[in-house]
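In this text, residue positions in the sequence shown follow my numbering: the first is 23, and each later residue adds one.
Reading through the structure tokens given below for one structure.
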Amino acid sequence: MVVAIDFETVSTKSLKDCGSYCYLSSPDTYITLMSLCEFDISEALNFIKDKSYDVVEEYLFCKTQVLELYKDIGTDRILTDYFPQDQRYDLLAHNRDFELHASFNGHRLKDILPKDTKVFDTMLMARRLALPNSLDTLSGLFGVHKKDTRLLNKFSIGLTLEEFLDKTNTPEYEKFKEYCKYDTISTVNIFLNLLWKYPRVQSSLYSDDIESMILEASDRVNDRGIPIDVNEVRKAKALLKDLQEKNSKICQARFGFAPTQVLKIKEYINERSPIKIESSDKKALTEFIENSTDENLKELARLRLQTSSSSTKKLDKMLHSEVNGRVRGAFQYYKARTGRWSATLIQPQNMPRGHQEESFFESLPYMNETTELDVKNNLRGFIKAPEGHTFIIADYRQIEFRLLLYVARDDENIQKIKEGADLYKELASSIYNVPLDQVTKDQRQLGKIVTLGAGYGLGSIGLEKILKAYGLTDVDSKKAIDEFRKKYWKVKDLWSLFDQMSIDGVGIFIKYPDRLEMNLPSGRRLYYHHPERVLEDMGDWIKTSYKFNNGEDTEYFYGGKFVENYIQGVARDLLGLAILRADKIGLCPILHVHDEIVIETTKRKTEFSGKALALCMKKPPQWFDRKYDFLLDVELAENERYTK
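Written out as structure tokens, the structure reads:
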């Protein structure tokens, strides 16, 4: 038996601003309604066969009930008291994180469920299939009843419990209850459609595979949370507020408007300067300051840059989403097609790298002023281990590039890595026609940029745009691409191989009438929906690509793009397995960014924990050729603050 559930809540908190953990743990948040639908999977699948949507909806409507939990707030009842008491059951939800962490009368659902309860999630199922993951979009995709979100705004958002209770006497309240009911019906309908259309999903429902264990480990990472120094965040925010007020007064006095009025800044500069700016963003204003000789206008540009709100927003997000000094729920499992996580809330992957200074934090308690740039450069440092603890930061070395050579079986260049060669430097030497020992740091950086882009089929035009963004305008992009393809010709051949396999549906690809699937070495699959072959006349050659549409987004793929998905999928599986291993042996991962894992440990266990984490990441899985296990190398760092 499966019980589908959906909660409606009321709160003065903003779910969008603070995240589900902070929102659901707030004393201002209450569960008001709960919708339940009990069904047997086999029976339901047999029933919906060849049935119209209306018939299926009526079938599910009769099985669904809405319970007014707000009437039992303050009693000794807990959520499981409302579930079937005479049989074992599993749960179904759309966005399990919300339902599992919902608290009623002081008890989280997650903490009171029987240990063997399976929790199915249509949102995660959709993500794994590269389908849209919002309930509304999925409903449209499968022809399911769509909801009217206006009722949600009226009965849930920004209300106290007392204000909600007043609204229960209005005619629209019954419609709101029906809205809750249809949310559950839609979830069940989507669940059954996914099982019916994708037999592989149905067969894996009750299997305890590696991916299920990675999901559980990911949940525990979110539960632990990212520790931040709340007092330091508050002090930095206060300093930025003072700075913004000061700059606003100066700007208003000198120019007649506030530094936050970006359109007026653009107009003012363009009316008075021969150097025009297309926008008032950081890049445009920085270039203007470098090139202009008008000190008055340069000062206006500086005032705007110093009053930028990006750092303030990051600090605000830290304060809005923390509970007891930790930001929980910051990582979204399987958010990308390749299976990689994405970050939400404070988003550590977007914080600047490599600029942090400990002197900033040593001086912070005594500062009377600061700059927006100083705060921005030190954002990572506000993530700080508690007293007596420290962070171990472990990062796979060049993992995507190494995996690219591994998949291409480029043994010549792989051997160079084994011998300790610097391949970025070697490529830079070829591009600049200079001896290897004379390659500068900036030239090596160019070699790295070219390698990471060109490895997936980037051409000279695309590379030229990237180099321009880095301020590298003196590089022959065509020569750089040619040198890469000559040096790594096996990688170039890999693009053609993947392109042909995708057309024929052979090798790692499987073709269905409505989708293409790609097998990864781990056994996981990547999905591409509604394939359409596209031919483009490029003059002396025909460019071929695939167009895919999942019901929400349209994407174009070619050989190099398929290779990129494959490599990033493999890198993700390595990272997921490493997180699982670290979690299993008690290393306490608290965050991960790209190909990096951060654990929190006591200072007396630093050396042991670092070695153990490195082993978790370097040990190859069964599907990885042991001959190349040296490619899985890790760089370690230790710090009380999140740095690197």
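The beta carbon of each residue, even a glycine, is placed where N, CA and C say it ideally should be.
The structure presented is a predicted model; accordingly, all values stated were derived computationally and were not measured.
Considering just the uninterrupted stretch of the beta strand (DSSP E) at residue i, what are its terminal residues?
i: Ser57; result: Tyr52 to Phe61
i: Pro611; result: Pro611 to Val615
i: Tyr550; result: Arg547 to His551
i: Met540; result: Arg537 to Asn541
i: Asn661; result: Val656 to Asn661
i: Gln87; result: Thr86 to Glu90
i: Ile415; result: His411 to Tyr418
i: Asp432; result: It is not in any beta strand (DSSP E) - Asp432 carries neither H nor E in the DSSP assignment.
i: Phe142; result: Val141 to Asp143
i: Val620; result: Glu618 to Thr624
Please classify residue i: does DSSP put it in a helix, a strand, or coil?
i: His123; result: helix
i: Ile532; result: strand
i: Phe570; result: strand
i: Asp283; result: It is worth fixing the name first, because residue 283 is Gln in this sequence and not Asp. Gln283 falls in the coil class under three-state DSSP.
i: Arg149; result: helix
i: Asp559; result: strand
i: Lys406; result: strand
i: Ser42; result: helix
i: Lys565; result: strand
i: His116; result: coil
i: Thr34; result: coil
i: Asp521; result: helix
i: Ile250; result: strand
i: His342; result: helix
i: Glu554; result: strand
i: Gln644; result: coil
i: Asp188; result: helix
i: Asp496; result: coil
i: Phe29; result: strand
i: Glu300; result: coil
i: Arg362; result: coil
i: Arg276; result: helix
i: Arg99; result: coil
i: Arg294; result: helix
With 16 as the cutoff for other CB atoms within 10 Å, does residue i come out buried or exposed?
i: Ala502; result: buried
i: Asp617; result: buried
i: Phe630; result: exposed
i: Val500; result: The sequence given here has Lys at residue 500, not Val. Under this definition Lys500 is an exposed residue.
i: Gly479; result: buried
i: Phe652; result: exposed
i: Ala352; result: buried
i: Thr576; result: exposed
i: Val528; result: exposed
i: Val456; result: exposed
Mind checking whether the beta-carbon of residue i lies closer than 8 Å to any heavy atom of the ligand MG?
i: Lys320; result: The ligand MG is not among the ligands present in this structure, which contains no ligands whatsoever.
Enumerate in chain order the residues of its own chain whose CB-to-CB distance from residue i is below 8 Å, with the five nearest sequence positions on each side excluded.
i: Asp595; result: Gly361, Leu542, Pro543, Ser544, Arg546 and Pro643
i: Arg393; result: It should be noted that the sequence gives Thr, not Arg, for residue 393. Answer for Thr393: Leu265 and Gln328, listed in chain order.
i: Gly475; result: Gly484, Leu485 and Ile488
i: Thr732; result: Look at the range of the chain in this structure, 23 to 666, and you will see that residue 732 is not part of it.
What residues in its chain sit with their C-beta under 6 Å from that of residue i, if we drop five residues either side in the sequence?
i: Thr206; result: Ala26, Asp28, Ser57, Cys59 and Thr86
i: His129; result: Ile100
i: Ala66; result: Leu214
For the alpha helix (DSSP H) containing residue i, name the first residue and the last one.
i: Glu586; result: Gly581 to Lys606
i: Val472; result: Lys463 to Ala476
i: Phe310; result: Lys304 to Asn313
i: Ile503; result: Ser499 to Lys509
i: Ala443; result: First-last for Ala443: undefined, no H or E at that position.
i: Ala323; result: Glu317 to Gln328
i: Tyr356; result: Run containing Tyr356: none; DSSP gives neither H nor E here.
i: Val210; result: Glu194 to Lys219
i: Ser397; result: The residue you asked about is not Ser; residue 397 is Val in the sequence shown. Per DSSP, Val397 belongs to the alpha helix (DSSP H) from Glu394 to Asn399.
i: Lys487; result: Ser482 to Ala491
i: Glu380; result: Glu380 to Ser385
Please return the same chain residues whose Cβ sits closer than 7 Å to the Cβ of residue i, not counting the five positions on each side in sequence.
i: Leu325; result: Asn269, Ile272, Cys273 and Pro281
i: Tyr356; result: Leu146, Arg149 and Arg150
i: Tyr81; result: Phe69
i: Asn572; result: Ala152, Leu153, Pro154 and His551
Report yes or no: is there a C-beta of chain B within less than 9 Å of the C-beta of residue i?
i: Ser330; result: Of the chains in the structure shown, none is chain B; there is only one protein chain.
### Task
Check whether the stretch 31 to 41 touches the stretch 173 to 188, taking contact to mean three or more Cβ pairs, one atom from each stretch, closer than 8 Å.
yes
### Message
Between the stretch 39 to 54 and the stretch 107 to 127, can you find at least three pairs of beta-carbon atoms closer than 8 Å?
### Response
yes
### Query
Per the contact definition of three or more C-beta pairs closer than 8 Å, is the stretch 363 to 379 in contact with the stretch 651 to 660?
no
### Cβ contact (3+ pairs, closer than 8 Å) linking the stretch 373 to 390 and the stretch 245 to 265
yes
### Stretch pair the stretch 623 to 639 + the stretch 421 to 436: three plus CB contacts closer than 8 Å
no
### Query
Is the number of C-beta pairs between the stretch 595 to 609 and the stretch 235 to 245 that are closer than 8 Å three or more?
yes
### Task
Check whether the stretch 291 to 301 touches the stretch 310 to 318, taking contact to mean three or more Cβ pairs, one atom from each stretch, closer than 8 Å.
yes
### Task
For the stretch 219 to 232 and the stretch 337 to 347, state whether three or more C-beta atom pairs, one from each stretch, are separated by less than 8 Å.
no
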